[in-house]
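Here the protein sequences line up with chains A and B, keeping their order.
Under our numbering, the first residue of the first sequence carries the number 75, and numbering increases by one thereafter.
Under our numbering, the first residue of the second sequence carries the number 75, and numbering increases by one thereafter.
What follows is a short report on a single structure.
There are 2 protein chains.
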Amino acid sequence: MLTIGNLSRRTGVKIPTIRYYEQMGLLAPPERSEGNQRRYARDECDRLAFIKHARDLGLKIEAIRELIELSAHPNQPCADADRIAAEQLHAVRERIGKLRKLERELARIATGCDGEQIKDCYVIRALASHDLCEDEH
Amino acid sequence: MLTIGNLSRRTGVKIPTIRYYEQMGLLAPPERSEGNQRRYARDECDRLAFIKHARDLGLKIEAIRELIELSAHPNQPCADADRIAAEQLHAVRERIGKLRKLERELARIATGCDGEQIKDCYVIRALASHDLCEDEH
DNA sequence: CTTGAACCTCTAGCAGCCTGAGGTCACACA
DNA sequence: TGTGTGACCTCAGGCTGCTAGAGGTTCAAG
Chain A
75 MLTIGNLSRR
85 TGVKIPTIRY
95 YEQMGLLAPP
105 ERSEGNQRRY
115 ARDECDRLAF
125 IKHARDLGLK
135 IEAIRELIEL
145 SAHPNQPCAD
155 ADRIAAEQLH
165 AVRERIGKLR
175 KLERELARIA
185 TGCDGEQIKD
195 CYVIRALASH
205 DLCEDEH
Chain B
75 MLTIGNLSRR
85 TGVKIPTIRY
95 YEQMGLLAPP
105 ERSEGNQRRY
115 ARDECDRLAF
125 IKHARDLGLK
135 IEAIRELIEL
145 SAHPNQPCAD
155 ADRIAAEQLH
165 AVRERIGKLR
175 KLERELARIA
185 TGCDGEQIKD
195 CYVIRALASH
205 DLCEDEH
């Protein structure tokens, strides 16, 4: 049996976040001590590690809830779990694509300024007008 | 003089967002009609385009506020503006780096499942344990 | 003068937490 | 057995950057 603080230290998930996950239905409400404090069993610890890992990978709470439900039915086909992972991969690739466009433009803006005063500053001018942009956005 | 609706159409910034920017101090409170409706001059339109451009590039409201203040002092040196752009570039590059790690791991997870049932599903197993990860995270 | 679109303010909501107030519990030490 | 203190409890409110809706007013065309 772990206190919430121990669980937090073991998993690296902050205490208020653990309580939040419980509220959101990702973690089952744990047993309580006589004085109403949460006491966690080991498998709750595993489940929290699962949640943290999924969050670190950028999955939304809702997607994680789905995966947890899926994992409760070990004999069902796993196409849904695969779909969730594939969707997440797709979303990540889209974000990367967008960020790389931004990177290019910011690099141009950030390195392009050789003015000395605000009135000549390329950063300020580039932000003020799209005429200095390479692609549409 | 533009109504808020015209300003919105010209800049592509939604009306509630314009009011929000005013509330956040990015846009000066504009003149009002007799009936208390906002009436914008052209330079407000430019400023809003500046804000939108910066937001599209991922700059935070706070950073934009700084830039606006800077641009109000055209004879100051522009090192601060350059710094803000450089910081933003750095942040974008960090986000890209993290996302590419995620991409690699998700690709492995999403394509690695050849099980048919949840209990054999690589997606579920990979999320449950870091043992299947390639790098630390 | 009427209609209907566009505007106003204010409140509340979204994700995914974090912080703080005000109070209780657990446990070691004297 | 008392006491200190650190960990815990709940609940409310805050954060970013908007968005949506209620309920009411104004503007401009016909």
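C-beta atoms are modelled at their ideal positions from N, C-alpha and C, and glycine is treated no differently.
Considering only DSSP beta bridges, list what A:Tyr114 is partnered with.
A:Tyr114 pairs with A:Leu76.
So, does the CB of A:Ile198 fall closer than 8 Å to a CB anywhere in chain B?
Output row for A:Ile198: interface = yes.
Find the residues of chain B that neighbour A:Glu143, judging by a C-beta separation of less than 8 Å, and give them in chain order.
Within 8 Å Cβ-Cβ: nothing; A:Glu143 doesn't reach chain B, min ~10 Å.
Going straight from the alpha carbon of B:Gly220 to that of A:Glu96, what length do you get?
The shown model of chain B, from 75 to 211, leaves out residue 220 of chain B, and the question about it has no answer.
What are the residues in the segment 165–176 of chain B lying within 7 Å of chain A by C-beta distance?
Listed by position along the chain: Val166, Arg167, Arg169, Ile170, Leu173, Arg174, Leu176.
In chain A, what lies closer than 7 Å to B:Gly132 by C-beta?
Chain A residues near B:Gly132: Leu176.
Between B:Asp188, B:Asn149, B:Glu105, B:Gly79, which has its C-alpha nearest A:Leu151's C-alpha?
It is worth fixing the name first, because residue 151 of chain A is Pro in this sequence and not Leu. Taking only the C-alpha atoms, the option nearest A:Pro151 is B:Asp188.
When the Cβ atoms of the segment 77–84 of chain A are set against those of the segment 105–117 of chain A, are three or more pairs found closer than 8 Å?
Touching, per the Cβ criterion.
Is A:Lys88 buried or exposed, if buried means 16 or more other CB atoms sit within 10 Å of its CB?
By the neighbour-count rule (16 or more Cβ atoms within 10 Å), A:Lys88 is not buried but exposed.
Alpha carbon to alpha carbon, what distance is there between A:Arg93 and A:Gly186?
Going by the C-alpha atoms only, they are around 48 Å apart.
State yes or no: is the beta carbon of A:Leu184 nearer than 8 Å to at least one beta carbon in chain B?
According to the sequence shown, residue 184 of chain A is Ala rather than Leu. So yes, A:Ala184 belongs to the interface.
Report yes if the CB atom of B:Lys180 is closer than 8 Å to the CB atom of A:Leu173, and no otherwise.
In the sequence under discussion, the amino acid at residue 180 of chain B is Leu, which differs from the Lys named in the question. No. Outside cutoff.
So within the segment 168–198 of chain B, which uninterrupted alpha helix (DSSP H) runs reach at least 4 residues, ignoring any that extend past its ends?
Runs of the alpha helix (DSSP H) inside the segment 168–198 of chain B: none found.
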